[in-house]
Amino acid sequence: MKGSMQRKLVGLILVLSLVPTSILGFYSYEDANSVLASELKTSASQSVTKVEETTNMFMKGIEQDVNRLSNDPSVIGITPGSNGSQALAVFKAYKESNSDVLNVYFGTADKRMILYPSTQLPNGFDPTTRPWYTQAEKAKGIVWTDPYVDAGTNQLVITVAKPVYNPQTNELLGIMSIDISLNSLTQIISQMKIGQQGYLIMLDKNNKIMVDPDKTQLGKDLSVPELKIGLANGASGVADFKASGSRYFGSFDTFKKTGWKFVGVVSYAEIQTSTSQILHHTVIASILLAILAIVVGILFSKTVTKALNLLVEDAQKIGNGDFTVRCKLTSSDETGILAATLNGMVEELGTLMKNIQNLSLHVSTSAHDLASTAMQTSKSAEEVSTTVSQIATGASDQATQAEQGSLFVEHVSNNFQSLEMSSNNMLEASQEAAQANQRGIDSVNELTTTSQANKDSIDKIESVISLLNNKVQAISTILQAITTISEQTNLLALNASIEAARAGEAGRGFSVVAEEIRKLAEQSSDSANGIRQIVLDIQTESQHTVGVMQEVQTQTVAQMSAVTKVNSSFADISIAIETIHGIIQQNTDHMKEASTNSAKVVEVLQNISAVSEQTAAASEEVTASMQQTSNAVEHVAETAEALDKVAKQLTEEILKFKVDD
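Residues in the sequence shown are numbered from 1 upward in steps of one, following UniProt numbering.
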């Protein structure tokens, strides 16, 4: 325990000292990172501003030079026929006095080129088509071209140009231009540092690199997407980006005169390098503080655990049964209070043990008496249980007999229900028979009506056929007349033909007509014979039809007589069905009443059976309760005996404690 308490105290002191130190060190490190990053961003912004000012001064000086050269009389006085020797002398003097100047030239409006130093130009060279000429002419003032890398010198070059006008006529004489090397400006920019490792780059308005510590990047497009996005979003600001696996931030601004962009680039690694010393010092301080905390914790824990060890020794003696022990600590702190409390507790435990000894003797006596009483109670419970068991047997037999009677009556009731269903079926069948009989009567009535209508129709047909026979006989008479006329016409036509033959050539036409009339007469005779044959057939069929219709009329009369007899039979059947229906209805009512009474008998028997079963169940429950009571009494007796034994053992164990000196 001693080692455990010491470890806990030392660990607590160590935690209380290290946690605040670690938190303070962490926030100090983060604050240092934030402050240093802010300072570097401010420094980068200031460096960019300084470069802008330097560039502005540089360009103002060049602009002053081009203004002075544009106003020089030797330039204004160049005439179309002169070679510009005076102007070349001025150009030479200016170029030799300025190391950044590469070329000085004047492109005239008549397409001549006055250039120093002299350079062989291609045949047909037209300065008026060059960008520096057209831009200055359009702007009517000083213009700066986009910078470019000279292929021969690998220097960054820019051209400044200004139009020159005739003072009297304001006529354009030409464009005065100077090619300037930005070498000195780039050196100034390259030598500027931001922090320890930060640097500056310069971009043209199209984001081509003009100045960069890495010379291989000159003239190339900017290839950092994050920085390009930042440059596109504003004229100035700060953008974070990654390059070569490292994180950087770039503070940038735009030079309004040319659209160039100056970017101060600083690596976040530089910030971490600078603040790592703070982290290193924090770790060292934490280690020293941990060592000091361990030493202080050990010394403090020894002071605390000394008093606790005395309390532990006395507590162990008390645990072994010695209640005469008294703790001798007299300090006024918590350990002294704990010692006094322990002494009071031991005093009370001693008194308690004495009382327990007396009570254990009393418990032993009471347990013995309880065991005797429990044995007597157990015998009485067995007698009651036997009596209740007999009652339960009788109730169970009664319930069984009532159940059998209920089943028998229920069977009878089921038979009555079956008879009732059969009676209902017979009743429905008689109703259906009555309905069918009525339908038969309706059908016979309809048949009677139909037979009468049929007889009337036959009478009409017989009358029509007689009339038709008369008409056919009239047609025969007419056909006989037509035949006679045809024979006479044929005879007349023959006579006409003979007379025409006698007449010779003059009667030939009449002979033809007579022949045609003869043919028509023969055709009429043939047609009349055909019609006569048809009429004879019709007469034969009409006579046959009259005979058939007479037979049909005889059958119709017989049919109507049979229908009348059937109708009388259906009336007798209807009376019989109504009588049967009344008898079946009475039987059905009696069956329903018997079924209802049998159901009531079943219900009464079921109630008797249920009461008997409840009585039997209650008797069984009482028997079970008495059995449980008997078991409980026996258990009480056994428990009382066990309690007697335990009380004796308790007395023996209590005597082991030392409560008196």
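Note that beta-carbon positions come from the ideal geometry of N, C-alpha and C, so glycine has one too.
| Asked | Found |
| --- | --- |
| Using a beta-carbon distance below 8 Å, is Thr448 in contact with chain D? | The question asks about chain D, but that chain is absent: this structure has only one protein chain. |
| By a C-beta neighbour count over all protein chains shown, 10 Å radius and 16 as the cutoff for buried, is Leu467 buried or exposed? | exposed |
| Report yes if the C-beta distance between Leu9 and Leu289 is below 8 Å; otherwise report no. | no |
| Note down the Cα distance separating Lys140 from Gly81, rounded to an integer number of angstroms. | 25 Å |
| Name the residue from Asn166, Ile291, Gln46 and Tyr133 whose alpha carbon lies nearest to the alpha carbon of Gly264. | Gln46 |
| Check Met345 in the structure and name its three-state DSSP category. | helix |
| Would you list the one or two residues that DSSP bridges to Pro163? | Ile175 |
| Can you list, in chain order, the residues of its chain whose CB lies under 7 Å from that of Ala528, leaving out five sequence neighbours each side? | Leu479, Ile482, Thr483 and Ser486 |
| Between the alpha carbons of Val512 and Gln488, how many angstroms are there, rounded? | 18 Å |
| Kindly list the residues whose CB is nearer than 8 Å to the CB of Ile180, restricted to its own chain and excluding five residues on each side of it in sequence; keep chain order. | Ile62, Asp100, Val101, Leu102, Val157, Ile158, Thr159 and Val160 |
| Would you kindly check if the distance between the Cβ of Leu200 and the Cβ of Phe51 is under 8 Å? | First, the residue type needs correcting, since residue 51 is Val and not Phe in the sequence shown. Contact flag set, yes. |
| Under a three-way DSSP split, which group does Val512 fall into? | helix |
| Which first and last residues belong to the alpha helix (DSSP H) in which Asn233 is found? | Pro225 to Asn233 |
| Where Leu185 and Ala285 are concerned, what is the direct C-alpha to C-alpha distance, given to the nearest angstrom? | 49 Å |
| So, for Pro147: in the same chain, excluding its five sequence neighbours on each side, which residues have a beta-carbon less than 6 Å away from its beta-carbon? | Leu156, Ile158, Asp204 and Met210 |
| At a cut of 8 Å, does the stretch 531–541 reach the stretch 460–476 through at least three beta carbon pairs? | yes |
| With respect to the beta strand (DSSP E) encompassing Asn103, which residues constitute its N-terminal and C-terminal limits? | Val101 to Thr108 |
| Figure out for me which residue from Ser525, Gln586, Ile465 and Gln585 has the closest Cα to the Cα of residue 674. | A question about residue 674 goes unanswered here, because the residues of the chain that appear run from 1 up to 661. |
| Give me, in chain order, the residues of the same chain whose beta-carbon lies closer than 7 Å to that of Tyr165; leave out the 5 immediate sequence neighbours on both sides. | Glu171, Leu172 and Leu173 |
| Give every residue of the same chain whose Cβ lies closer than 6 Å to the Cβ of Ile175, excluding the five residues on either side of it in the sequence, and list them in chain order. | Gly107, Tyr133, Ala136, Ala161 and Pro163 |
| Going by the CB atoms, is the gap between Val104 and Lys111 shorter than 8 Å? | no |
| In the DSSP assignment, what residue or residues form a beta bridge with Arg247? | Lys242 |
| Determine the closest residue to Ser251 out of Ile114, Ser236 and Ser244, with distance taken between C-alpha atoms. | Ser236 |
| Taking the alpha helix (DSSP H) that Phe91 belongs to, which residues open and close that run? | Ser85 to Ser97 |
| Contact check, Leu342 vs Leu311 under 8 Å by CB: the rounded distance? | 7 Å |
| Rounded to the nearest angstrom, how far is the Cβ of Ala496 from that of Ala514, given a contact under 8 Å? | 4 Å |
| Thinking C-alpha only, which one of Leu407, Ser372 and Ile538 is nearest Asp644? | Ser372 |
| If you draw a straight line from the alpha carbon of Asn424 to that of Thr588, how long is it in whole angstroms? | 7 Å |
| Mapping the DSSP letters down to three states, classify Met113 as helix, strand or coil. | strand |
| Quick one: what's Thr324 bridged to in DSSP? | Per DSSP, none; premise fails for Thr324. |
| For Thr556 versus Asn470, is the C-beta spacing smaller than 8 Å? | no |
| Measure the Cβ-Cβ separation of Gln543 and Ile458 and say whether it is below 8 Å. | no |
| Among residues of its own chain, excluding the 5 on either side of Ile189, which ones have a beta-carbon nearer than 7 Å to its beta-carbon? | Val51, Leu200, Met202 and Val211 |
| Assuming Lys41 and Val238 make a contact with CB atoms under 8 Å, what is their CB distance in whole Å? | 6 Å |
| Alpha carbon to alpha carbon, how far is Lys193 from Thr254? Give it in angstroms, no decimals. | 19 Å |
| Quick check on the burial criterion: 16 or more other C-beta atoms within 10 angstroms. Buried or exposed for Met59? | buried |
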